[in-house]
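Before any comments, here is the structure.
Protein chains: 2
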Amino acid sequence: MSSSFDVAAVGNAIVDVLAPASDEFLSGENLAKGAMMLIDAERASSLYTCMAAGVEASGGSAGNTVAGVASLGGRAAYVGKVADDTLGEVFRHDITAIGVHFRPTPSKGPEGTGRCLVNVTEDGQRTMCTYLGAANALTPEDVDPQLIEAAEIIYLEGYLFDPPAAREAFAKAAGIGRKAGRRVALTLSDAFVVERHRDALLDFIGANADIVFANEAEAMALFQTQDFDEALKALSAKVATVVVTRGAQGSVIVTGGATTAVEAAPVGKVVDTTGAGDQYAAGVLYGLARHLDPRTCGRLGALAAVEVIAHYGPRPQTPLKALAEAAGLI
Amino acid sequence: MSSSFDVAAVGNAIVDVLAPASDEFLSGENLAKGAMMLIDAERASSLYTCMAAGVEASGGSAGNTVAGVASLGGRAAYVGKVADDTLGEVFRHDITAIGVHFRPTPSKGPEGTGRCLVNVTEDGQRTMCTYLGAANALTPEDVDPQLIEAAEIIYLEGYLFDPPAAREAFAKAAGIGRKAGRRVALTLSDAFVVERHRDALLDFIGANADIVFANEAEAMALFQTQDFDEALKALSAKVATVVVTRGAQGSVIVTGGATTAVEAAPVGKVVDTTGAGDQYAAGVLYGLARHLDPRTCGRLGALAAVEVIAHYGPRPQTPLKALAEAAGLI
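One line per chain: the protein sequences are L and V, in this order. If you use the working numbering, the first sequence closes out at 1317, no skipped numbers anywhere. If you use the working numbering, the second sequence closes out at 1317, no skipped numbers anywhere.
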């Protein structure tokens, strides 16, 4: 069956609040640098009060990724839960405006649209505290089978393993995708997410995943090893296509038994790494959906990541299609 | 009497929605490039729908300026009206977090916090459509005499001439400031504002203003001339201190009968000029409040403007105090 979308993603719909912070601030607030922590409404309020002045930008890992796919000229769809409030309208507007298909049924509950308090240190590293809010209310009913069946690749974020109903939505989307002969992709999202849900993630990968995205820490956490090569080997044994980012060392794509190392693209000033992994995934997913070779997939990912770390916020500000065409990649 | 604040400002409290746009978009939407237009709630909704994906950042001209004063290490206070909603909380948080004294009484009306839809073209120019919302509800009761009396300089934005009750608040603040022997500063804000309220602005300047900020177009609109030198001469004849920005040609400060031309600071990539004039005013006001020489005042203004045009959003992302110290200006 031909597809209407290159990528359909299911994720936690979140608006980011990005603000500069010092390392002292992170340790004073007991925040693990570079990680994502879940917080409740009360903590969100108290943490926001002591953060610096910031900017608001639509986020959510898978939402950022499909925004990147659309920016590359790909056809993308998104499933996620917002509330009927100002931030929900911002989220809906932004993802739709960049060209992603998104027709949400806003939650009826009292919780507002989810938000992520992102503290960005001088080195560009981001530390995230997420109040899921309405994203907690995503259920399997939000997953439209026709939309999932119409996508080349179904992309799921590991963050969805935290809200129980969202995990069911996740499983439903994967099941529909597999049944329709589509490829199912998963990102491990965060090393702490992997620690919390290791067995369930391994089961899910074994049963459903055609493509897995991870960074080094996440891959090693999944197999409880300190040895990157061992983790890569174990993951590649379980999944047809494995994509692992290694920061300044670039990335590795293992597919069809072949390993392709892709060097990192030259980077100017690193302003804010929020969304770097998400945009890398966007480039690779676009390439995989269009059956491009692994090296081109990796280079598209690197190009998208470089654009996003040069400015505040997790989604492209410059159309990625133009950048990729200028680089001769598409 | 000694002062508690370098600058106390009264302004329209606004949250900006900034998004990239093309010149074709501006003409298609009938928007005058570089200007500020007032729009109603319905138009705000329809325009937002067709804008690109954006970011939200606290704005409002005088709010941006006092944020800049605080970022320079100055003591600043703000008076403006927000609603009791998400954007109101964002505005309050951001201006407080950067160090500005702001104790608002949120409006009780049905209108949400004011927002400005800012379309930023490739050349960095910003075109603004403002839905005033709760800012319309600012009244003289919001102006606390003790706060105004405690400031070296009372700073008022010309945009306040649009909402009638805000104009009364504006007049009240100026009256209190003059009575307390403080300096009263006014920015003309926008050439169309000047066209709309020319006579009232001239009366106000003649009666109350010690310092007037303008750009070339605003100064010429005020005296209905095409000759910049004529406008500068006419304005200087009415006010003790005149500060006029001339874009790439730098700025001119006329005070105590002497004219000081200040060259523009070297500019890297212009990303978004939103807030450039506001930050220029911040640097000059800080300098004037501290009785620095006109040249240093102008250079502080240029330094603050250069920081803000290098990124999206109207307020400093890098602490201006550190930049000014590194430049040997403070």
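From the three backbone atoms N, C-alpha and C, an ideal C-beta is built for every residue, glycine too. What you are looking at is a predicted structure, and each value in this text was computed from that prediction instead of being measured.
- Within a 10 Å sphere around the beta-carbon of Cys-1037/L sit fewer than 16 other beta-carbons, which makes this residue exposed.
- Contact annotation: in the stretch 1042 to 1068 of chain V, residues whose CB is within less than 8 Å of a CB in chain L are Val-1042, Glu-1043, Ala-1044, Ser-1045 and Ala-1054.
- Using a Cβ-Cβ distance cut-off of 8 Å, the stretch 1135 to 1153 of chain V and the stretch 1108 to 1126 of chain V are in contact, since at least three pairs of beta carbons, one from each stretch, lie closer than that value.
- Taking the CA atoms as reference points, Ala-1263/L sits about 10 Å from Gln-1112/L.
- In its chain, beyond the 5 residues on either side, Ala-1161, Arg-1165 and Val-1171 have a beta carbon closer than 7 Å to the beta carbon of Asn-1195/V.
- Per the Cβ contact rule, the stretch 1019 to 1026 of chain L is not in contact with the stretch 1230 to 1242 of chain L (fewer than 3 Cβ pairs under 8 Å).
- Against chain V, the beta carbon of Asp-1081/L has neighbours under 8 Å at Ala-1040 and Gly-1041, listed in chain order.
- The C-beta of His-1088/L has 16 or more other C-beta atoms within 10 Å across all chains shown, which makes the residue buried.
- Contact between Ala-1008/V and Val-1107/V holds: their C-beta atoms lie close to 6 Å from each other, under 8 Å.
- Less than 9 Å divides the Cβ of Ala-1138/V from the Cβ of Ser-990/V.
- Val-1271/V and Ala-1070/V have their alpha carbons spaced roughly 31 Å apart.
- By the criterion of a C-beta distance shorter than 6 Å, Ala-1269/V is surrounded in its chain by Thr-1052, Gly-1055, Val-1056 and Ala-1291, once the five residues flanking it on both sides are discounted.
- Check the Cα spacing between Val-1105/L and each of Val-1004/L, Ile-1140/L and Thr-1260/L: the tightest is with Val-1004/L.
- Between the alpha carbons of Val-1181/L and Leu-1125/V lies a gap of roughly 51 Å.
- Chain V places no beta carbon closer than 9 Å to that of Val-1226/L, leaving this residue out of the contacts.
- Nearest to Phe-1191/V by alpha-carbon distance, out of Thr-1212/V, Arg-1154/V and Arg-1169/V, is Arg-1154/V.
- Of the residues Ile-1026/V, Thr-1100/V and Thr-1092/V, the one whose Cα lies closest to the Cα of Ile-1001/V is Thr-1100/V.
- As the crow flies, the alpha-carbon of Asp-1072/V is around 14 Å from that of Ser-1032/L.
- Apart from sequence neighbours up to five positions away, the residues of its chain that approach Tyr-1273/L with a beta-carbon distance below 7 Å are Asp-993, Val-1056, Leu-1059, Gly-1061 and Leu-1287, ordered along the chain.
- Under the DSSP assignment, Val-1257/V falls outside any alpha helix (DSSP H); it carries neither an H nor an E label.
- With respect to Ala-1028/V, Glu-1098/V sits close: the two C-beta atoms are nearer than 9 Å.
- Taken through DSSP and simplified to helix, strand or coil, Asp-993/V comes out as strand.
- Taking C-alpha positions only, Glu-1250/L is separated from Pro-1301/L by approximately 22 Å.
- At a C-beta separation below 8 Å, Tyr-1035/L has these neighbours in chain V: His-1080.
- Ranked by Cα distance from Ser-1094/L, the first of Lys-1068/L, Ile-1140/L, Val-1077/L and Val-1258/L is Lys-1068/L.
- Taken residue by residue, none of the stretch 1103 to 1114 of chain L has a beta-carbon sitting less than 8 Å from a beta-carbon on chain V.
- For Pro-1007/V, the enclosing beta strand (DSSP E) begins and ends at 1001 to 1007.
- Straight through space, the alpha carbons of Ala-1289/V and Ala-1252/V are spaced by roughly 6 Å.
- The three-state reading of DSSP puts Phe-1200/L in strand, counting E and B together.
- Annotated as proximal: Ala-1206/L and Phe-1215/L, with beta-carbon spacing under 9 Å.
- Short of 6 Å from the beta carbon of Thr-1212/V, and not among the five residues preceding or following it, lie these beta carbons of its own chain, in chain order: Ala-1218.
- DSSP places Ile-1192/V in the uninterrupted alpha helix (DSSP H) bounded by 1185 to 1195.
- Take Ala-1297/L, set aside five residues on each side of it, and the residues of its chain with a beta-carbon closer than 7 Å to its own are Gly-1255, Lys-1256 and Val-1258, in chain order.
- With respect to the 9 Å criterion, Ala-1063/V and Asn-999/V are not classified as neighbours on the basis of their beta carbons.
- Residues of chain L with a Cβ closer than 8 Å to the Cβ of Pro-1007/V are, in chain order, Gln-1304.
- Burial is judged here by how many other beta carbons sit within 10 angstroms of a residue's own beta carbon; Asp-1081/V has at least 16 and is buried.
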